[in-house]
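Have a look at the structure below before the remarks.
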Amino acid sequence: MQIRADLHVHTTYSKDSLITPMELVYYAKRRGLNAVAVTDHNYLKGAYKIAKETDFLVIPGMEVSSAEGHIVALNVPELIPRGLSAVETVERIHKAGGVAIACHPYVYFKGCLREAVCSSFDAIEVINSRAFPFGHSVRLAQQTAVRLNLSRVAGTDAHYGPQIGYGYTTIEADEPKVESIAKAIIDGQCTPHGRAVPVVLNAQQQLLRLRRMVKKFSSKNS
Ligand SMILES: [Zn+2]
Ligand SMILES: [Zn+2]
C-alpha cells in the first residue's frame with residue numbers, strides 16, 4: 438500500500454517547535470497524509486509517547502546533532518547520542534536497527550552535513566520544505582543522491598502546525614507499519630514530493646514563537 442508521510446516534523450518536545458501532539462495529528466490528516474514521522478532534536482521519548490497515544494500512524498524518530506551536521510534517525514528504539522562523527526552516528530543508528538537519513542545537507546544556517554554525506558546513509562532528504570535557499574539545496578541533494586545511489590525522501594522540518602505536509606514522501610510499503618515503511622525506504626521504494634513552505638507561514642511561526650517567549654519572560658519576572 439502507498440504511505441504518504443511527512444518524514445521530518447518537530448513537536449513541542451523540541452524546544453523550538455510549536456506543534457503539540459494533537460496539532461501534529463490534526464494537520465497531518467488535514468494535509469491528506471496517512472503517516473508522520475516525529476523527529477525531535479536529540480530526544481526520542483516524546484515520539485514513542487505520541488505514537489502510543491494516537492491511532493494515527495506515527496513513525497518514531499529523532500534528529501541527531503552529529504559533530505558534522507544533523508541526521509534523522511527513524512525507527513530507533515534507543516536514543517542516539519549527539520556529538521559523534523557522521524559515520525559513527527550512522528553506525529549507531531544501524532546497530533539499533535534504524536534508518537539513517539542525511540537531512541537538509543546543503544542548507545545555510547543549519548547543521549548541514551555537506552561533504553559528510555556518504556554511501557553508508559540509507560537515504561538523503563532531497564526536499565526539505567524549509568530549506569534555504571530552496572531550489573539550490575534540492576538540486577545539490579538530488580545530485581548527491583544519484584552519485585551515492587541513495588534512497589530519496591522529503592520532509593517539511595515543520596515547527597508550526599500549518600507547515601506540516603509541504604514536504605512528503607510516498608512509500609510503497611507491504612503493510613501500514615513502521616517496520617515495513619523503514620524497509621521500503623532502505624530499499625528505495627519511495628519518492629520525494631513537495632515544495633517550499635510559504636514565507637507567510639514561516640513568519641507566523643516566528644511571531645508566535647516570539648510572543649510565547651515574551652509571555653514566558655514576563656511571567657517569570659512578575
Ligand atoms: Zn536540522
Ligand atoms: Zn529538523
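Counting in the working numbering, the final residue of the sequence shown is number 659, and the numbers go up one at a time with none missing.
Quick reminder that beta carbons are idealized off the backbone N, C-alpha and C, glycines included.
- Note that the C-beta distance between MET499 and ASP477 is below 8 angstroms.
- Pairing LEU470 with ALA621, the inter-Cα distance amounts to about 17 angstroms.
- No Cβ-Cβ contact shorter than 8 angstroms links ALA640 with PHE571.
- Partner residues in the beta bridge of GLU562, as assigned by DSSP, are VAL590.
- Residue state for SER502 is assigned as strand, using DSSP reduced to three classes.
- The residue among LYS653, VAL651, HIS507 with its C-alpha nearest the C-alpha of SER522 is HIS507.
- LEU550 places its beta carbon less than 8 angstroms from that of GLU505.
- Its chain contains ALA533 as the residues whose beta carbon lies nearer than 6 angstroms to that of GLU515, once the 5 sequence neighbours on both sides are disregarded; these appear in chain order.
- The nearest non-hydrogen atom of ligand 1 is 7 angstroms or more from the C-beta of GLY498.
- Counting only runs that start and end inside the stretch 470-544, the beta strand (DSSP E) elements of at least 3 residues fall at 472-478, 495-503, 506-511, 536-539.
- For HIS573, the CB stays at least 7 angstroms from every heavy atom of ligand 1.
- For THR476, the shortest C-beta to heavy atom distance toward ligand 2 is below 7 angstroms.
- Residues of the same chain with a CB within less than 6 angstroms of the CB of PHE493, apart from the 5 flanking positions on each side, are VAL462 in chain order.
- With a 10 Å radius around the Cβ and a threshold of 16 neighbouring Cβ atoms, HIS573 comes out exposed.
- Here the alpha carbon of SER454 sits roughly 30 angstroms from the alpha carbon of GLU612.
- A distance criterion of 7 angstroms places the beta-carbon of CYS555 beyond contact range of ligand 1, judged by its closest non-hydrogen atom.
- Per DSSP, the unbroken alpha helix (DSSP H) holding GLY572 starts and ends at 571-585.
- Only residues of its own chain outside the window of five on either side were considered, and among them ASP477, HIS478 have a CB closer than 6 angstroms to the CB of SER451, listed in chain order.
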